[in-house]
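Novice:
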Amino acid sequence: METTQLIPAGIKAQIKTDLAGLLSYGKVTITNAIERENAGHAIVTLKRTYNEYEAKRKDLKEPHLDNWRKVDDYFRDPLAAFKAAINELNQGVYAFDEARRIEVEKEQKRLEDERLAECKRLADIQDAKLREEERLREEAAALAKAAEDAKTATERDALIEKANTAERVADVAGAEAVDAAQAGARAADQSTVVLQGYKKPKGQTVKKLYKVEILDPVAFIRWAVANQKFHWLEIKDALVNKEVTANEGQWSAPGVRVVEDVRFYNKVRLVV
């Protein structure tokens, strides 16, 4: 039924006449006391007419409101059942994905720890090889110096051979130090694979709230007084829970504990 069909013809005609009468007021500019008095009378008249129409509007609307309430009452329980089922499934999905997220975080930490340990191991190898190379270079230099002071050709040749061997081994140690450094750089640049954690289902809003549970009221009251938190003395008041939620659960006080409260809000469109 169209809106115009719900309004009696007599009321529509009266509204049309009264609205036309409003045009005579126009934009009012009051310049003297008489105009001021006339404007006051006009306001009283217009308010009276306004209230009359408002009363008629409510009278005409009320029977239909009663029907709308009956429709709402009829659908209330079925809709609540659907929402409850959806919410229960959402909680199951959330619990599974949260467990998966925690599992992934542990695995990522393990891989990261392994990567850091490998970086340290390679750095230690690099450092040891550099020290070995430095020692062998010094040894080769000392042998070469000793060869210069040798008394016989045989002794000199033996010292030179030892010096050359020390140099060759030093070259190998230096190359191994470079390899360890390059491997360490590659390990440092590696990124741990980040797997997907919790992703809320379409149409679902997950909100984490926090609330305070009382363990020892006396201890909490003493703490609140000592810290001049007098507005928190009513422990059941929402102020405390609001404070805890604002700090994402990172809040503590004697005699209470913080409990996480996950709530689900669904925006569901049923397609038949």
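Heads up, the final residue of the sequence shown is numbered 368 in the numbering used here, and it's a clean run with no missing numbers.
All C-beta atoms in this analysis are idealised placements derived from N, C-alpha and C, irrespective of residue type, glycine included.
Source: prediction; values computed, not measured.
1) Distance check for Lys247 and Asp275, CA to CA, integer angstroms please.
2) What residues in its chain sit with their C-beta under 7 Å from that of Asp114, if we drop five residues either side in the sequence?
3) I'd like to confirm the pairing. Which residues does DSSP put opposite Glu309 in its beta bridges?
4) DSSP state of Asp155, grouped into three classes?
5) Is the distance from the Cβ of Leu232 to the Cβ of Ala269 below 8 Å?
6) State yes or no: is the C-beta of Gln222 within less than 8 Å of the C-beta of Ala273?
7) Nearest CA to the CA of Ala277: which residue from Ala322, Glu257, Glu214?
8) Spatial neighbours of Asp162 within its chain, please: C-beta separation below 7 Å, excluding the five flanking residues on both sides.
9) Please state the DSSP three-state secondary structure of Lys241.
10) Between Leu239 and Ala262, how many whole angstroms is the CB-CB distance? I'm expecting something under 8 Å.
11) Would you decide whether Glu184 is buried or exposed? Buried here means 16 or more other CB atoms lie within 10 Å of its CB.
12) From what residue to what residue does the alpha helix (DSSP H) around Asn260 run?
13) Taking 7 Å as the cut-off, is the CB of Phe171 close to at least one heavy atom of the ligand GTP?
14) Taking DSSP as the reference, what is the three-state secondary structure of Gln324?
15) With burial defined as no fewer than 16 other Cβ atoms inside 10 Å of the residue's Cβ, what is the status of Asn186: buried or exposed?
16) Would you mind listing the alpha helix (DSSP H) stretches within the segment 133-216 that are 4+ residues and don't spill past its ends, in chain order?
17) Compute the Euclidean distance between the alpha carbons of Lys152 and Gln110, then round it to the nearest angstrom.
18) Applying the 10 Å Cβ sphere with the 16-neighbour rule, what's the burial state of Phe316?
19) Determine the burial state of Leu102: buried for a count of at least 16 other Cβ atoms within 10 Å of its Cβ, exposed for fewer.
20) Would you give the residue range spanned by the alpha helix (DSSP H) that Ile107 belongs to?
21) Do Ala243 and Ala259 have their C-beta atoms within less than 8 Å of each other?
Specialist: In terms of the structure at hand:
1) Residue 275 sits at position 179 when you count from the first residue of the sequence shown. Residue 247 sits at position 151 when you count from the first residue of the sequence shown. One Cα belongs to Asp275, the other to Lys247, and the distance between them is close to 41 Å.
2) Working through the sequence shown from its first residue, we reach residue 114 at position 18. Correct list, in chain order: Thr145.
3) Mapped onto the sequence shown, residue 309 falls at position 213. Bridge partners of Glu309 according to DSSP: Arg353.
4) Position 59 of the sequence shown, counting from 1, holds the residue named residue 155. In the structure shown, Asp155 sits in a helix (DSSP, three-state: H, G or I).
5) One-based indexing of the sequence shown puts residue 232 at position 136. One-based indexing of the sequence shown puts residue 269 at position 173. Closer than 8 Å, so yes.
6) Taking the sequence shown and counting its residues from 1, one reaches residue 222 at position 126. Taking the sequence shown and counting its residues from 1, one reaches residue 273 at position 177. When the beta-carbon positions are compared, Gln222 and Ala273 come within less than 8 Å of each other.
7) As a position in the sequence shown, residue 277 is number 181, starting the count at 1. Taking the Cα of Ala277 as reference, the smallest distance to any Cα among Ala322, Glu257, Glu214 is reached at Glu214.
8) Residue numbering aside, residue 162 sits at position 66 when the sequence shown is read from its first letter. Cβ neighbours of Asp162 beyond the five flanking positions: none.
9) For the purposes of this step, residue 241 is identified with residue 145 of the sequence shown, where counting begins at 1. The DSSP-derived three-state label of Lys241 is helix.
10) Numbered from its first residue, the sequence shown carries residue 239 at position 143. Numbered from its first residue, the sequence shown carries residue 262 at position 166. Confirmed, about 6 Å.
11) Taking the sequence shown and counting its residues from 1, the one referred to as residue 184 is at position 88. Around the beta carbon of Glu184, fewer than 16 other beta carbons lie within 10 angstroms, which makes this residue exposed.
12) Start at 1 with the first residue of the sequence shown, and residue 260 comes out as number 164. Going by DSSP, Asn260 is part of the alpha helix (DSSP H) stretching over 249-285.
13) Ligands are entirely absent from the displayed structure, and the ligand GTP is therefore not among its contents.
14) The residue labelled residue 324 in the question sits at position 228 within the sequence shown. Residue state for Gln324 is assigned as coil, using DSSP reduced to three classes.
15) For the purposes of this step, residue 186 is taken as residue 90 along the sequence shown, with counting starting at 1. The residue is buried, with at least 16 neighbouring Cβ atoms inside 10 Å.
16) Entirely contained in the segment 133-216, not one alpha helix (DSSP H) run reaches 4 residues.
17) As a first step, residue 152 is located in the sequence shown; it is residue number 56 there, counting from the start. As a first step, residue 110 is located in the sequence shown; it is residue number 14 there, counting from the start. Those two C-alpha atoms are separated by around 12 Å.
18) As a first step, residue 316 is located in the sequence shown; it is residue number 220 there, counting from the start. Per the 10 Å Cβ criterion, buried.
19) On the sequence shown, residue 102 is found 6 positions in, with the first residue counted as 1. Note on Leu102: under 16 other CB atoms within 10 angstroms of its CB, so exposed under the neighbour-count rule.
20) Translated into positions along the sequence shown, residue 107 becomes position 11. Its alpha helix (DSSP H) spans residues 105-118.
21) If you number the sequence shown from 1, residue 243 lands on position 147. If you number the sequence shown from 1, residue 259 lands on position 163. By the CB criterion at 8 Å, Ala243 and Ala259 fall inside the cutoff.
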